[in-house]
Amino acid sequence: LESKSLFRYYGPNLLGRTAAFERALADTLGSAHAVATSSGTAALRTALAALGIGCGDEVIVPAYTFVATVNAVVIAGAVPVFAEVDASLGIDAADVAAKVSPRTAAVIPVHIENVACDLDPLLDVTTRHGLAVLEDAAQSMGATYRGKALGTFGAMGAFSLQLEKNITSGEGGVLVSDDERLYLRAARYQDQGGQFFTSHGGGRGEELAEPFVGENLRMTELAAAIAGVQLGRLPRILEGLRANKARILDQLGDVAGLDRRHRPDPDGDGGSSITWFAPSADIAQRFVKALLAEGVPSTRMYGGQPVYAAPAVLDRRTASNKGGPWHCAEHPCHVEYRMGMCPSTEDLAARAITVGVGVAYDEQDCADAATAIAKVASHLLA
Numbered sequence: 144l145e146s147k148s149l150f151r152y153y154g155p156n157l158l159g160r161t162a163a164f165e166r167a168l169a170d171t172l173g174s175a176h177a178v179a180t181s182s183g184t185a186a187l188r189t190a191l192a193a194l195g196i197g198c199g200d201e202v203i204v205p206a207y208t209f210v211a212t213v214n215a216v217v218i219a220g221a222v223p224v225f226a227e228v229d230a231s232l233g234i235d236a237a238d239v240a241a242k243v244s245p246r247t248a249a250v251i252p253v254h255i256e257n258v259a260c261d262l263d264p265l266l267d268v269t270t271r272h273g274l275a276v277l278e279d280a281a282q283s284m285g286a287t288y289r290g291k292a293l294g295t296f297g298a299m300g301a302f303s304l305q306l307e308k309n310i311t312s313g314e315g316g317v318l319v320s321d322d323e324r325l326y327l328r329a330a331r332y333q334d335q336g337g338q339f340f341t342s343h344g345g346g347r348g349e350e351l352a353e354p355f356v357g358e359n360l361r362m363t364e365l366a367a368a369i370a371g372v373q374l375g376r377l378p379r380i381l382e383g384l385r386a387n388k389a390r391i392l393d394q395l396g397d398v399a400g401l402d403r404r405h406r407p408d409p410d411g412d413g414g415s416s417i418t419w420f421a422p423s424a425d426i427a428q429r430f431v432k433a434l435l436a437e438g439v440p441s442t443r444m445y446g447g448q449p450v451y452a453a454p455a456v457l458d459r460r461t462a463s464n465k466g467g468p469w470h471c472a473e474h475p476c477h478v479e480y481r482m483g484m485c486p487s488t489e490d491l492a493a494r495a496i497t498v499g500v501g502v503a504y505d506e507q508d509c510a511d512a513a514t515a516i517a518k519v520a521s522h523l524l525a
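According to the working numbering, the sequence shown is numbered sequentially starting from 144.
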C-alpha cells in the first residue's frame with residue numbers, strides 16, 4: 144500500500160510481489176514455471192487456453208468435483224464429458240479410457256480435499272491416447288503422489304488461493320508447467336493476450352510470434368503479497384493438518400459400519416479432512432447432522448451430488464444459451480447429461496461423510512472430535 148503500486152506491471156515504486164510469488168511457488172513445487180491469476184477458476188481457464196482447447200473438443204472431467212472444473216471447460220468452448228470416480232473420490236482411469244472419443248483433447252483429474260487421484264493408471268491411459276492432462280489441484284497445494292507435488296504430473300497444474308484452501312489470499316490462483324511454450328501462452332492469455340500498449344508506452348508478449356486474443360485474469364500485487372507470506376507457511380500448515388488428522392484417527396480407530404476413503408498414496412495426504420462412506424445416503428445425512436450438533440465440522444461435500452446435478456450443467460444451459468459448446472452448428476454436440484449416468488459416483492457421493500481437520504486444533508480438540516464421531520457412530524450404526 145505504501146508503494147502505491149498495486150498493479151503487477153508498473154507503479155511509482157513497484158515491488159514485484161506477483162513475480163516473486165510465481166518464482167517461489169514454482170520452486171516450492173519443483174516446477175519450471177508459474178503464472179499467478181485472479182482465481183483458481185481463472186487458472187483453469189488460462190491453462191485450457193494455453194493448451195489450445197476449444198470448440199469441437201471434448202474434455203473428460205470427474206463426475207465428482209466443484210463446478211468450476213466444468214465451468215472452465217464450457218467457457219473454453221469445449222464439451223465436458225463425465226467419468227466415474229473411484230473410492231478415492233478421484234477420477235477412475237478405467238472409465239476415462241472408456242469415455243475417450245475422436246474429439247477428446249484433454250483430461251482434468253481433480254485432487255479432492257488434499258488426496259491425490261491414482262495418477263499412474265490415469266497417465267498410462269492419457270499417454271496411450273495422446274491426451275493432454277491438466278491437473279486441478281485447487282484443493283491440494285503441497286500434497287504429493289509418490290513423493291512428487293500434485294499439479295506437476297500433467298502438462299499443466301492449477302491451484303486455488305480462495306479462503307478454504309491450504310494457503311489463501313482471499314481469492315487468487317496459480318498454474319504451473321514445465322513446458323516453456325505452454326507457460327508463455329498462459330502468461331500471455333491472462334494478460335489480455337499480452338499485446339496491448341500500456342499508458343507508459345510498453346508492450347508485453349513479444350516472446351511469441353503468433354498473437355492471439357486473451358483476457359484479464361491477472362493477480363494483483365496485494366493478493367500476491369499475501370500469497371507469498373502464506374506460501375512460506377505452507378510446510379507448517381501441512382505438518383499441522385497431518386498431525387491433527389493422525390491424532391483423531393489414532394484415538395478413534397476403525398469405526399464399524401463406516402468405510403474409510405481410499406488414499407492412493409497415504410504419505411502424500413495433505414490432511415485437511417477425513418472421509419468415510421456410510422452404509423446408505425440416509426445414514427450419511429443423519430450422521431453429518433448429528434456431528435454438527437456435537438460441534439464437529441462435517442459435511443456431505445457438494446450436497447452428496449455429482450457435479451452434473453447442477454441445473455445449468457444438467458440442462459446444458461449457458462448465459463446466451465446459443466452457440467458452443469452444446470449448441471454449436473459447426474460442431475454438433477451429441478453428449479447428453481442425466482442423473483444416473485455415473486451410478487458409482489452418485490452412490491459414493493451420497494454416502495460420503497467428510498469431517499474437517501483444523502491446523503490450529505490442540506490435543507483436546509482432536510480428542511473431542513474423535514469422541515463425538517464415536518458417539519454418533521454408536522447411535523446410528525448399532
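For each residue, glycine too, the CB sits at the ideal point set by N, CA and C.
Practice task
Tell me whether the beta-carbon of Ile251 lies closer than 8 Å to the beta-carbon of Met284.
Solution key: No, the Cβ-Cβ distance between Ile251 and Met284 is not below 8 Å.
Practice task
Tell me where the alpha helix (DSSP H) around Ile218 begins and ends.
Solution key: Run containing Ile218: Val210 to Ile218, per the alpha helix (DSSP H) assignment.
Handout entry: Residue closest to Ala337, alpha-carbon to alpha-carbon, out of Asp321, Gly357 and Glu323
Key = Note on identity: in this sequence residue 337 is Gly, with Ala being the wrong assignment. The candidate whose alpha carbon is nearest that of Gly337 is Gly357.
Exercise for the section: Check Val268 in the structure and name its three-state DSSP category. Expected result: In this structure, DSSP gives Val268 a helical state, which the three-state scheme calls helix.
Practice task
Quick one: residues in its chain with C-beta nearer than 6 Å to the C-beta of Lys242, no 5 flanking neighbours on either side, listed in chain order?
Solution key: Closer than 6 Å at Cβ, skipping near neighbours: Ile203, Val224 and Ala226.
Handout entry: Sequence-distant residues of the same chain with beta carbon closer than 6 Å to Leu187, five excluded per side
Key = Excluding sequence neighbours, Leu187 sits near Ala215 and Ala301.
Practice task
Could you name the residues of the same chain whose beta carbon sits closer than 8 Å to that of Phe296, not counting the 5 residues immediately before and after it, in chain order?
Solution key: Leaving aside the five residues that flank Phe296 on each side, the residues in its chain whose CB is nearer than 8 Å to its CB run, in chain order, Leu262, Leu266, Val276, Glu278 and Tyr288.
Problem - Arg460 vs Tyr480 beta-carbon contact at 8 Å - result: It is not a contact, given that the beta carbons lie outside the stated cut-off.
Problem - Cβ neighbours of Asn359 in the same chain (closer than 7 Å, five flanking residues each side left out) - result: Correct list, in chain order: Gln335.
Exercise for the section: Ignore the nearest five residues each way along the sequence and tell me which others in Tyr504's own chain have a CB closer than 6 Å to its CB. Expected result: Within the same chain, Tyr504 has close Cβ partners Asn387.
Practice task
Would you kindly report the start and end of the unbroken beta strand (DSSP E) that includes His470?
Solution key: Careful: His470 lies outside any beta strand (DSSP E) and carries neither H nor E.
Problem - Between the CA atoms of Ala452 and Pro155 - distance to the nearest angstrom - result: The alpha-carbon atoms of Pro155 and Ala452 are separated by roughly 49 Å.
Handout entry: Under the three-state DSSP convention, the category Ser231 falls into
Key = Three-state DSSP puts Ser231 in coil, outside helix and strand.
Problem - Backbone CA spacing between Asp511 and Thr189 [nearest angstrom] - result: As the crow flies, the alpha-carbon of Asp511 is around 43 Å from that of Thr189.
Problem - Buried or exposed (CB count within 10 angstroms, at least 16 for buried), Ser416 - result: Label assigned to Ser416: buried.
Practice task
Over the uninterrupted beta strand (DSSP E) stretch that includes Ala177, give me the two end residues.
Solution key: Element bounds for Ala177: His176 to Thr180.
Exercise for the section: Please confirm whether Val222 and Cys476 have their CB atoms less than 8 Å apart. Expected result: Yes. Within cutoff.
Exercise for the section: Determine the direct distance from the alpha carbon of His474 to that of Leu377, and round the result to whole angstroms. Expected result: Distance between Leu377 and His474, taken at the CA atoms: about 44 Å.
Exercise for the section: Drop a sphere of 10 angstroms on the beta-carbon of Phe150, count the other beta-carbons inside from all chains shown, and report buried for 16 or more, exposed for fewer. Expected result: Note on Phe150: under 16 other CB atoms within 10 angstroms of its CB, so exposed under the neighbour-count rule.
Handout entry: For Arg246, the nearest candidate out of Val228, Glu201, Pro354 and Asp408 (CA to CA)
Key = Per the Cα distances, Glu201.
Problem - Identified DSSP bridge partners for Gly499 - result: Ser416.
Practice task
Could you have a look at Ile203 and say whether DSSP puts it in helix, strand or coil?
Solution key: Strand.
Handout entry: Contact check, Glu314 vs Ser181, beta carbons under 8 Å
Key = Contact annotation: Glu314 and Ser181 have beta-carbon atoms nearer than 8 Å.
Exercise for the section: My understanding is that Ser423 touches Arg494, with C-beta atoms under 8 Å, so please give their C-beta distance in whole angstroms. Expected result: The Cβ separation is near 7 Å, so the contact holds.
Practice task
Pull up the CB-CB distance for Gly220 and Pro468, whole angstroms please, since I reckon it's below 8 Å.
Solution key: Here Gly220 really is in contact with Pro468; their C-beta atoms are around 5 Å apart, less than 8 Å.
Exercise for the section: Would you give the residue range spanned by the alpha helix (DSSP H) that Glu278 belongs to? Expected result: Counting along the chain, no alpha helix (DSSP H) covers Glu278; the unbroken beta strand (DSSP E) around it starts and ends at Ala275 to Asp279.
Problem - Extent of the continuous alpha helix (DSSP H) to which Thr461 belongs - result: Unbroken run through Thr461: none, as it is neither H nor E.
Practice task
Can you give me the start and stop residues for the beta strand (DSSP E) that Gly483 sits inside?
Solution key: Run containing Gly483: none; DSSP gives neither H nor E here.
Handout entry: Same chain, Cβ closer than 7 Å to Pro264, five either side skipped, listed in chain order
Key = Around Pro264: Ala236.
Handout entry: Whole-number beta carbon distance between Val431 and Ile369, since they are thought to touch under 8 Å
Key = That pair is no contact at about 32 Å.
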